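Number 206 marks the last residue of the sequence shown (the numbering used here); no jumps. Glycine is no exception: its CB is placed at the ideal position from the N, C-alpha and C atoms. Remember, it's a predicted structure, so these values are computed and weren't measured experimentally.
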Amino acid sequence: MSMLKLANEMKRSAVSKVVAVVLIVAVIVVGVTALMFSSTLNRGLLLEPGPEVPMGPEPEVPAEPEPEVPMEGEPVPVEPEPEAPMEPEPEVEPDPLMNLVRLTLTGRDIRWVMNGEQNPMIEVPLGSVVEIEIFNEDNVPHQFAIDEFGIRIDRINSGESATVSFIADSEGTFRYRCVIHPVIMDGAIVVTP
Ligand SMILES: [Cu+2]
C-alpha cells in the first residue's frame, strides 16, 4: 500500500470516526430532548386538571324554608280571638213557680158577680199573682178597690172593662169593693197559706 493510499485510508477512517461521533451525539441529544419533553409532558399532565371524572349532578338539597323567627322587638301579631256572640240577657220573668190566678168579675145589678154568685168570697193562695178582669154591665160606672193591697183602679164606665193584677203577698182576709157603691158591692178576698 502506498503512502497516499494509507493516508486516504486514515482520512476515510477519521471521517468515519467523526461521523460516528456526530451520530452518537445526535442520538444523545435526541434522547435527552425526548426525555425532557416526556418529563415536561408528564409534569404538564400532572399539573393540568386530569380528565374530568364525570360526577353525577350534585343532588340538590332542598333548602328547608327557614322558620320565620320574629325579629326581636318586633311586635308579634296576635290573632284576635273570635268574639263570642253576645247572648241576649234573658229578661226577668216571673217565677214560674208562682201561681197565677185569673179571675173575672162583672158589675151587674150593682153587685160584683162571679160565676153567677154575687159578691163572692175569692180565695187565692199566698204569693200568687192575681189577675182580675172586670166588666161593667150596669148603666152606672164602678170603681174596683182593695185598700190593703193599695188597689184603686179608675172608674169603669158602662159596657167597658179593665184588668187589675197584684201579688197576694199577705195572708188574711181582705175587703174588695166598689168605691162608688161600697155598701152593696162589697166582698172578701181570702189569701190562704
Ligand atoms: Cu159600683
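The beta carbons of residue 114 and residue 204 sit no closer together than 7 Å. In this structure residue 112 does not touch residue 124 by the C-beta definition: roughly 27 Å separates them, more than the 8 Å allowed. The beta carbon of residue 173 is closer than 7 Å to those of 149 in its chain, skipping five residues each way along the sequence. Residue range 134-138 is occupied by the beta strand (DSSP E) that includes residue 135. Looking at the DSSP output, residue 197 sits in no beta bridge, so it has no partner there. Here the C-alpha atom of residue 160 lies approximately 24 Å from the C-alpha atom of residue 128. When only Cα atoms are considered, residue 140 and residue 155 end up about 27 Å apart. Under the three-state reduction of DSSP output, residue 150 falls in the coil class, being neither helix nor strand. For residue 120, the enclosing beta strand (DSSP E) begins and ends at 113-121. Taking each of 182, 206 and 170 in turn and checking the Cα distance to residue 142, the smallest one comes out for 182. As DSSP reads the structure, residue 178 sits in a beta bridge with 144.
Distances between the C-beta of residue 193 and the heavy atoms of ligand 1 include at least one below 6 Å. Within the chosen limit of 6 Å, ligand 1 does not reach the beta carbon of residue 111 with any heavy atom. In this structure, residue 147 places its C-beta atom within 7 Å of the C-beta atom of residue 175. Secondary structure of residue 161 (DSSP, three-state): helix. Boundaries of the beta strand (DSSP E) around residue 126: 124-127. Shown here for residue 188: same chain residues with a beta carbon closer than 8 Å to its own, the five before and five after excluded, namely 159, 160, 161, 199, 200, 201 and 202 in chain order.
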